[in-house]
Amino acid sequence: MSTVLPINSNQLLPTALPTETEPSLRGLLIAGLIMAIWAGSLAALLNTSSSQHQPLWLLLAVFWQMFLYAGLFITAHDAMHGVVAPQRPKLNRFIGTLALLLYGLFSYNQLFKTHWQHHHHPASALDPDFHDGRHKNPFVWYLRFLQRYWSWGRLLGLMASFHAMHLLLHVPEANLLLFWVVPSLLSSVQLFYFGTYLPHREPAGGYQNDFRAQSIHRPWLLSFLACYHFGYHCEHHEYPQVPWWQLPMVARDDRSTS
3 MSTVLPINSN
13 QLLPTALPTE
23 TEPSLRGLLI
33 AGLIMAIWAG
43 SLAALLNTSS
53 SQHQPLWLLL
63 AVFWQMFLYA
73 GLFITAHDAM
83 HGVVAPQRPK
93 LNRFIGTLAL
103 LLYGLFSYNQ
113 LFKTHWQHHH
123 HPASALDPDF
133 HDGRHKNPFV
143 WYLRFLQRYW
153 SWGRLLGLMA
163 SFHAMHLLLH
173 VPEANLLLFW
183 VVPSLLSSVQ
193 LFYFGTYLPH
203 REPAGGYQND
213 FRAQSIHRPW
223 LLSFLACYHF
233 GYHCEHHEYP
243 QVPWWQLPMV
253 ARDDRSTS
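All residue numbers for the sequence shown refer to my numbering, where the first residue is 3 and numbers rise by one.
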């Protein structure tokens, strides 16, 4: 991995681009792989006969699809940092836009703006992902988190997509609910809990850094399964130009030099 330098939170710019010089190919391949696996898995699950499978199989399939939905969002997130295709900004933006549309018809422009507000003002009243200062428990915080991104237009679009797949493509409603609706909702819980609540909740002794974040160090596989290594949240805020799949290496290097 090429050397990256930390930055102060006040130095972040919405148009910040990575300082790494590695080719774009690896980031593109990883993003493409996540999106292809999500699409292939969803197509297979929507065409399966869910009534013929055991409950345990269905549960595992739901959580598998949830993990892939989170991967779509993480891909879009990396695009917002310019690291999916660093040398090709238009392609980078296209991939981020597509990932968010597949995830839940979200607007890339809107989330780009709010995400950089989060980086400029982490865990503060100006952070769109933070709690309201009074209701700090994770359930109310999560509801506020959802409310921030609520859109009647998006809901109508998702409902239209649901009925179009059912009526035009003859996908069973049970399959749509199990493998399209439920996993996307569960992934929002996953992303919130591991990517917002745990890293940005205030520790008993108060915040210890300018990024008002803390990292949760887990074994590599658990870190990946939890939320694509976003437990390394201090590292993400300090090195926003580093893609998600390099965060464990950055964390390891930081710990070895501290």
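We put the beta carbon where it would ideally sit given N, CA and C, even for glycine.
(request) Give the single residue among Pro245, Trp247, Trp246 and Glu240 whose Cα lies nearest to the Cα of Asp256. (result) By one-based count along the sequence shown, residue 256 stands at place 254. Among Pro245, Trp247, Trp246 and Glu240, the Cα nearest to that of Asp256 is on Glu240.
(request) Would you tell me roughly how many angstroms separate the C-alpha atoms of Leu35 and Ala101, rounded to the nearest one? (result) Mapped onto the sequence shown, residue 35 falls at position 33. Mapped onto the sequence shown, residue 101 falls at position 99. Whole-angstrom Cα-Cα distance: 12 Å.
(request) Evaluate Pro205 with the Cβ neighbour count: other Cβ atoms within 10 Å of its Cβ, from every protein chain shown; 16 or more gives buried, anything less gives exposed. (result) The residue given as residue 205 occupies position 203 in the sequence shown. It counts as exposed.
(request) Let me know if Trp143 comes out buried or exposed under the rule of 16 or more other beta-carbons within 10 Å of its beta-carbon. (result) Within the sequence shown, numbered from 1, the residue matching residue 143 stands at position 141. Buried, by the Cβ-count rule.
(message) Can you look up Val244 in the DSSP assignment and give me helix, strand or coil?
(response) Counting from 1 along the sequence shown, the entry for residue 244 is found at position 242. Three-state DSSP puts Val244 in coil, outside helix and strand.
(request) Please list, in chain order, all residues of the same chain as Ala46 whose beta carbon is under 6 Å from its beta carbon, the five residues on each side excluded. (result) Working through the sequence shown from its first residue, we reach residue 46 at position 44. Correct list: empty, nothing qualifies.
(request) Under 8 Å by Cβ, that's how I've got Leu61 and Trp182 pegged, so tell me the actual separation to the nearest angstrom. (result) For the purposes of this step, residue 61 is taken as residue 59 along the sequence shown, with counting starting at 1. For the purposes of this step, residue 182 is taken as residue 180 along the sequence shown, with counting starting at 1. Leu61 to Trp182, Cβ: 16 Å. No contact.
(message) I'd like the span of the alpha helix (DSSP H) that includes Gln192, first residue to last.
(response) For this step, residue 192 is matched to residue 190 along the sequence shown. Per DSSP, Gln192 belongs to the alpha helix (DSSP H) from Val184 to Phe194.
(message) Is Gly34 a contact residue of the ligand SAH, with contact defined as CB to any heavy atom under 6 Å?
(response) For the structure depicted, the ligand SAH is absent and the ligand set is empty, with no information on it obtainable.
(request) Reducing DSSP to helix, strand and coil, say where Trp154 ends up. (result) Your numbering for residue 154 matches position 152 in the sequence shown. In the structure shown, Trp154 sits in a helix (DSSP, three-state: H, G or I).
(message) What would DSSP say about Gly197, mapped onto helix, strand or coil?
(response) As a first step, residue 197 must be located in the sequence shown, where it is residue number 195. Note: Gly197 maps to helix in three-state DSSP.
(request) Identify whether His219 lies in helix, strand or coil by the three-state DSSP scheme. (result) As a first step, residue 219 is located in the sequence shown; it is residue number 217 there, counting from the start. Of the three classes helix, strand and coil, the one that applies to His219 here is coil, per DSSP.
(message) Under DSSP, the alpha helix (DSSP H) around Tyr209 begins and ends at which residues?
(response) Your numbering for residue 209 matches position 207 in the sequence shown. Run containing Tyr209: none; DSSP gives neither H nor E here.
(request) Could you tell me whether the Cβ atoms of Ser189 and Ala72 are closer together than 7 Å? (result) If you number the sequence shown from 1, residue 189 lands on position 187. If you number the sequence shown from 1, residue 72 lands on position 70. Closer than 7 Å, so yes.
(message) For Asp2, tell me which candidate among Ile76, Leu74, His55 and His121 has the shortest Cα-Cα distance.
(response) Because the chain is modelled from 3 through 260, residue 2 falls outside the range shown and cannot be assessed.
(message) Between which two residues does the alpha helix (DSSP H) holding Ser43 run?
(response) Looking up residue 43 in the sequence shown gives position 41. From DSSP, the alpha helix (DSSP H) with Ser43 extends over Leu27 to Leu48.
(request) Reducing DSSP to helix, strand and coil, say where Leu80 ends up. (result) In the sequence shown, residue 80 corresponds to position 78, counting from 1. The question names Leu, yet the displayed sequence has Asp at residue 80. Asp80: helix per DSSP, three-state reduction.
(message) Going by C-alpha to C-alpha distance, which of Val191, Val86 and Leu169 sits closest to Gly98?
(response) Counted from its first residue, the sequence shown places residue 98 at position 96. Nearest of Val191, Val86 and Leu169 to Gly98, Cα basis: Val86.
(request) Quick one: which unbroken alpha helix (DSSP H) runs of 4-plus residues sit fully inside the segment 103-148? Chain order, please. (result) 110-122
(request) Would you mind sorting Phe132 into buried or exposed? The rule is 16 or more other CB atoms within 10 Å of its CB. (result) Mapped onto the sequence shown, residue 132 falls at position 130. The residue in question, Phe132, is buried, as its Cβ has 16 or more Cβ neighbours within 10 Å.
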